[in-house]
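Convert by adding 652 to the 1-based position in the sequence shown; the result is the number in the working numbering.
Beta carbons: idealized from backbone N, C-alpha and C, even for Gly.
A short worksheet on the structure shown next.
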Amino acid sequence: MRRRFFVDRVHGGMAELAGDDARHLTRVLRAEAGQHYEISDNQTAYLAEIAEARGGRVVFRVIQPLDSPPAPVRITLCPALIKFDRFEWMVEKATELGVERILPVETTRSEKGLFEAARKRTERWVRIARESSQQSRRVRLPEILPPVRFDRGLEEAADYRYFLEESQAPPLLHVLPPGRTASDRVALLAGPEGGWTDAERQAAQRAGWLAVSLGPQVLRAETASMAAIAVVTNAWMT
Numbered sequence: 653m654r655r656r657f658f659v660d661r662v663h664g665g666m667a668e669l670a671g672d673d674a675r676h677l678t679r680v681l682r683a684e685a686g687q688h689y690e691i692s693d694n695q696t697a698y699l700a701e702i703a704e705a706r707g708g709r710v711v712f713r714v715i716q717p718l719d720s721p722p723a724p725v726r727i728t729l730c731p732a733l734i735k736f737d738r739f740e741w742m743v744e745k746a747t748e749l750g751v752e753r754i755l756p757v758e759t760t761r762s763e764k765g766l767f768e769a770a771r772k773r774t775e776r777w778v779r780i781a782r783e784s785s786q787q788s789r790r791v792r793l794p795e796i797l798p799p800v801r802f803d804r805g806l807e808e809a810a811d812y813r814y815f816l817e818e819s820q821a822p823p824l825l826h827v828l829p830p831g832r833t834a835s836d837r838v839a840l841l842a843g844p845e846g847g848w849t850d851a852e853r854q855a856a857q858r859a860g861w862l863a864v865s866l867g868p869q870v871l872r873a874e875t876a877s878m879a880a881i882a883v884v885t886n887a888w889m890t
């Protein structure tokens, strides 16, 4: 299977790759003129041939566009801020599962100091999402948004908004709407390890979020997010 790389743009049938990805191609993969790779300009994926490869610069010549099925649904994941090693894992896996946007949210039980520190981490999360997008052969990169406070997170607009709760809430799979289309926007609000406070539950309910559960087990924050994404994505594929 050919590797895929993201380029800034395709113009006149040509595209250029620079920076770390270009150095990886030339120094690690030993890329040479004439080799074929896949590229994406964040709108369309293409089969392309290397026209030039040297140092930190690779130039591609487009051969043809590639068929790329659209995402079955447009998901925004709104995860509570958790320890950064696990949050980075979440960004990587959510990207693989096809989310469109990730909006980190500070909650009452998010660890102290994470919100301020997270502002400096956004660039790293963008880089992780880019690498994961290339590995999973996405056509478009997910948007990684700056972290927000809980009340701002509740303002996130979507056609369907689900608040991941504990087992007393109805199962997510049972409340998904009929007549689903690929243009539907779904927002998933996932809590921290310590769970939601009563005040947060009430605020989410007042803001119109529907509380849902993922079963009787107690899930880690990052596990709950991945499970919810998988449930929603597969429901929209059927």
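Span of the beta strand (DSSP E) around residue i
i    : result
L699 : 697–706
Q820 : It is not in any beta strand (DSSP E) - Q820 carries neither H nor E in the DSSP assignment.
E690 : 688–692
T728 : 726–731
E763 : Where E763 is concerned, there is no enclosing beta strand (DSSP E), given that its DSSP letter is neither H nor E.
V710 : 709–717
A667 : 666–670
R894 : With the chain covering only 653 through 890, there is no way to say anything about residue 894.
A685 : Note, A685: premise wrong, no beta strand (DSSP E); not H, not E.
V838 : 837–842
A863 : 862–864
R813 : 812–816
C-beta atoms of residue i and residue j nearer than 9 angstroms
i    : j    : result
Y698 : A732 : no
G843 : E852 : yes
L755 : K735 : no
L824 : L816 : yes
R753 : I780 : no
V725 : P794 : no
A855 : F802 : yes
I727 : R837 : yes
A705 : E684 : yes
E874 : R771 : no
Length of the line joining the Cα atoms of residue i and residue j
i    : j    : result
E807 : Q786 : 31 angstroms
L677 : H663 : 21 angstroms
E740 : P830 : 33 angstroms
P799 : H688 : 39 angstroms
D811 : L828 : 11 angstroms
G805 : V757 : 6 angstroms
W777 : A834 : 26 angstroms
A839 : E748 : 17 angstroms
Q869 : P822 : 14 angstroms
G686 : E701 : 6 angstroms
Y814 : V743 : 19 angstroms
E783 : R682 : 19 angstroms
L729 : A703 : 39 angstroms
R872 : E845 : 6 angstroms
Q857 : A746 : 25 angstroms
R661 : S692 : 8 angstroms
T760 : D850 : 10 angstroms
E818 : T890 : 26 angstroms
Other residues of its chain near residue i: CB distance less than 6 angstroms, five sequence neighbours each side excluded
i    : result
S720 : A697, V791
R656 : E690, Q786, R789
W848 : none
S762 : A732, L733, P844
Q716 : L699
A887 : L828
V659 : A667, L669, I691, D693
Residues near residue i in its chain [Cβ-Cβ closer than 7 angstroms; skip 5 each side]
i    : result
A674 : G708, R709, V710
P722 : A834
L862 : R813, Y814, F815, V827
R679 : none
T774 : I796, P798
R713 : G665, M666, A700, E701, A703
L718 : E690, A697, Y698, L699
R654 : H688, Y689, E690
Proximal residues to residue i (C-beta, below 8 angstroms), its chain only, five neighbours per side dropped
i    : result
Q695 : V791, R792
L866 : L816, P823, L824, A876, A879, A880, V883
Q820 : S865
9 angstroms Cβ cutoff, residue i in contact with chain C
i    : result
R726 : Absence of chain C from the displayed structure is noted, only one protein chain being present.
In chain order, what are the residue ranges of uninterrupted alpha helix (DSSP H) at least 4 long that sit wholly in the segment 765–789? 766–770, 774–787, all fully within the segment 765–789.
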